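Residue 426 in the UniProt record's numbering sits at position 426 of the sequence shown, and the numbers go up by one each step.
Just so you know, even glycine gets a beta-carbon here, dropped at the ideal spot from N, CA and C.
A quick note: this is a predicted structure, and the numbers were derived from the prediction, not measured.
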Amino acid sequence: MNIFFEDSGSFKAGTVLSQQNETLQVEGLGGRRIKVKSKDVLLEFSAPSAAALMHSAETCAQTIELDFLWECAGSDEFNFAVLAEEYFGPQVTSIERAALALRLHSAPVYFRRKGRGHYQRAPEEQLKAALAALERRRQQAALQATYEAELKAHRLPAVFEDKVLTFLIKPDKNSIEYKAVEAAASACGTSVAQLMLDCGALPSARALHESRFLAEHFPQGTGFGPVPETAEPAAEGRCAELPVTEIQAFSIDDISTTEIDDAFSVEWLEHGRLRIGVHIAVPALGIARDDMIDLQARTRLSTVYVPGDKITMLPAELVDRFTLKEGGLRPVLSFYTIVDSATQDIVATETRLEQVFIAHNLRHNWLDAIVTAEAIAAGEGDYLYKKEIAVLWPFAQALYEKRQAARINYGLKRETQRYTDFNFAIDGESVSITPRRRGSPLDLIVAELAILVNSSWGAALAKYGVPGIYRAQRSFGANRTRMQIGPAPHEGLGVEQYAWSTSPLRRYIDLVNQWQLLACTQHGVAAKLVAPFKPKDADLYVIVQNFEEIYQAYADHQNRMERFWCLRWLKQEKRERMLAAVVKGDLVRFDEIPLLLHVPGLGVHARDTKLWLDILALDELTLEVSCRLAQVLESSEAQTNLSGDTALSCS
1 MNIFFEDSGS FKAGTVLSQQ NETLQVEGLG GRRIKVKSKD VLLEFSAPSA AALMHSAETC
61 AQTIELDFLW ECAGSDEFNF AVLAEEYFGP QVTSIERAAL ALRLHSAPVY FRRKGRGHYQ
121 RAPEEQLKAA LAALERRRQQ AALQATYEAE LKAHRLPAVF EDKVLTFLIK PDKNSIEYKA
181 VEAAASACGT SVAQLMLDCG ALPSARALHE SRFLAEHFPQ GTGFGPVPET AEPAAEGRCA
241 ELPVTEIQAF SIDDISTTEI DDAFSVEWLE HGRLRIGVHI AVPALGIARD DMIDLQARTR
301 LSTVYVPGDK ITMLPAELVD RFTLKEGGLR PVLSFYTIVD SATQDIVATE TRLEQVFIAH
361 NLRHNWLDAI VTAEAIAAGE GDYLYKKEIA VLWPFAQALY EKRQAARINY GLKRETQRYT
421 DFNFAIDGES VSITPRRRGS PLDLIVAELA ILVNSSWGAA LAKYGVPGIY RAQRSFGANR
481 TRMQIGPAPH EGLGVEQYAW STSPLRRYID LVNQWQLLAC TQHGVAAKLV APFKPKDADL
541 YVIVQNFEEI YQAYADHQNR MERFWCLRWL KQEKRERMLA AVVKGDLVRF DEIPLLLHVP
601 GLGVHARDTK LWLDILALDE LTLEVSCRLA QVLESSEAQT NLSGDTALSC S
């Protein structure tokens, strides 16, 4: 005897070998023996064979028209065998009964299973809705297949043109468009981003990196709305009322800097004393908390820097009004320190809101080669502000040494100077990368005076009980560096407190602190009553949290684009071999360009060991470089290779 039965949600047929009570021993079509409960048996038959019945039933089931079958079934629950007699007639065969069971079971849209062998047809309205949904899915599948075919042929469907960046940033993974893109990329053995490039959706890997960043952080574009008409006259009026000092100041910046935040001055006093001034631009005079410009700046939080370009935090009109460009009076918040030139000790300090004449904007590109420690000591060279630089240099050195002593007291070593930086010059799709020595006298002067001002103004905020945003750092432990409301030591810099205040044109934290400092300067002990941000102001905490996230995202983008241009330089210069130095483990740093990468299988080498690396492959999209170790240089060979300007350490 053969049986047609249900097993684990599907129908099977087999031959009964034996029966014991309610359990049958059955040999399935594959020869495997299984136990079947009597309640699971739907049909018993002697002919045809189990295999023949299943084959014929599956063929017959495909001929049963579901709409007609649904019409034949009543609205009540029914047994499949009863419906088989109504559908096929009273002479229905075992094959036809099995075929009907298979057809009912395969059409859950039409018929609901109510138990073994029992079904009930779906209500008409639900059936129509389900069939409509199936038709939509069929059409979507066909459309997806069409999209996939286009993408595999590296043609971008027209409907994808405004969705490309969405695919790369925050895709809707349930959309048929993204499913088509993902399937096509998988079929082509590539990434979604590479597929978009291959289809011409973006002109280059550079455009992809830039567009991805802009879409995520500047979805409304990088422009500003018009500056309110009342803002400019009001700012002009406030600036014109400021007292004018007779000193002349100068700034020191890179050649490309247009947001000039700081300038310096030196006055010679009696008894061998100096008055050294650090003059900071005051855009806070032209911006009020929660006005239109402030809201835009609070969204951006910082100027974005990438090789060859930048996105400013403030509108160009406002930057132009407050930047410390040469040739005129500029409103500034000045920090003056009186120094004993014999001991370099600070005798007194003072902060003033005033106007200062900016006489010159000096540039590192002009002076770094001639303003050296040796030239200053010997009094050599002919350059602007030679006398002022000659007295600022020993003062900066004294400030540096004082900070190193504080670092040691915190349990840290002396700072390691970073000797080489790199400048990127972009011309279309070409790039020039040139090294610039760090640690020069001008670098140290600018850095040490900025640290002095940020530390001193942080102390002033605390003195008057005015909340500010501080940057604190512990020597050891997790989350060592953090932004916080309230003073705390910055052990890495070796100062008791550190409040960013010297870059208000390009960093929102500095702008916030400048508002608070203006209140201290103008109102003294009453400052905390009139400062824009009062103690425990919730907005300060929101600003800190948002700033750290955004600032890191901007830094990541800058690093990503610098890496892109390094790869472009390698390709442009047709470099097949590069000199590099070991940083740690298999991490190396190229000498001629600021590129760090891992070299698998590098082996064990001491830090700063010089290596020749063969360049095997570059990928501007993934920003990966494939290298192979060619040669390990001995110390004498390394010195020979480093004697020229072609390989400079960037540690």
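- Remark: C-beta atoms of Ala122 and Leu100 do not approach each other more closely than 8 Å.
- Across the structure, Asp162 and Leu104 are spaced so that their CA atoms are roughly 45 Å apart.
- Cβ atoms of Trp393 and Pro441 come within 8 Å of each other, at about 5 Å.
- A straight line joining the alpha-carbon of Leu412 with that of Ser475 spans about 7 Å.
- Straight-line spacing of the CA atoms in Ala519 and His209 works out to 42 Å.
- Judged by DSSP in its simplified three-state form, His523 adopts helix.
- Residue pairing by DSSP places Lys12 opposite Phe5 in a beta bridge.
- Take the alpha-carbon of Val347 and the one of Gly272: they are about 12 Å apart.
- In this structure, DSSP gives Phe322 a helical state, which the three-state scheme calls helix.
- Taking the CA atoms as reference points, His605 sits about 7 Å from Val582.
- Secondary structure note for Ala606: it is in no alpha helix (DSSP H), with a DSSP letter that is neither H nor E.
- Taking Ala425 as the centre and dropping the five residues before and after it, the same chain places the C-beta of Ser432 closer than 6 Å to its C-beta, in chain order.
- Segment contact: the segment 555 to 563 against the segment 516 to 530, fewer than three CB-CB distances shorter than 8 Å; contact not assigned.
- About 4 Å separates the beta carbon of Ala184 from that of Leu151, a gap short enough to meet the 8 Å contact definition.
- Under the three-state reduction of DSSP output, Asn546 falls in the helix class.
- Residue Tyr400 holds the alpha-carbon nearest to the alpha-carbon of Ala447 among Tyr400, Asp427, Asn409 and Lys128.
- A direct Cα-to-Cα measurement between Leu143 and Ile176 gives close to 8 Å.
- Between the alpha carbons of Pro487 and Ile509 lies a gap of roughly 14 Å.
- Around the Cβ of Glu22, a 10 Å sphere holds fewer than 16 other Cβ atoms; the residue is exposed.
- Inclusion of Ile485 and Ile469 in the CB contact set at 8 Å is warranted, their separation being smaller than that value.
- By the Cβ-count criterion, Val164 is buried, with 16 or more other Cβ atoms from all chains shown falling within 10 Å of its own Cβ.
- Under the 10 Å beta carbon count, Cys72 is surrounded by fewer than 16 other beta carbons and is classified as exposed.
- With three or more CB-CB distances shorter than 8 Å, the segment 572 to 587 counts as touching the segment 608 to 619.
- Per DSSP, Thr299 is one residue of the alpha helix (DSSP H) stretching across Met292 to Arg300.
- Within a 10 Å sphere around the beta-carbon of Gly379 sit fewer than 16 other beta-carbons, which makes this residue exposed.
- DSSP places Arg155 outside any alpha helix (DSSP H), giving it a letter other than H or E.
- In the DSSP secondary-structure assignment, Glu350 is bridged to Tyr336.
- Only residues of its own chain outside the window of five on either side were considered, and among them Tyr178 have a CB closer than 7 Å to the CB of Asp172, listed in chain order.
- Closest in C-alpha terms to Leu505, from the list Gln25, Ser56, Asp320 and Phe160, comes Asp320.
- Note: Thr434 is bridge-paired with Asn423 in the DSSP secondary-structure output.
- Distance check between Gln522 and each of Asp619, Leu242 and Asn546 places Leu242 closest, using alpha-carbon atoms only.
- Between the segment 532 to 547 and the segment 186 to 194 there are fewer than three C-beta pairs closer than 8 Å, too few to call the two in contact.
- The beta carbon of Tyr385 lies closer than 6 Å to those of Phe250 in the same chain, with the five residues before and after it left out.
- The three-state reading of DSSP puts Met54 in helix, counting H, G and I together.
- For Glu27, the three-state secondary structure derived from DSSP is strand.
- Judged by DSSP in its simplified three-state form, Lys574 adopts coil rather than helix or strand.
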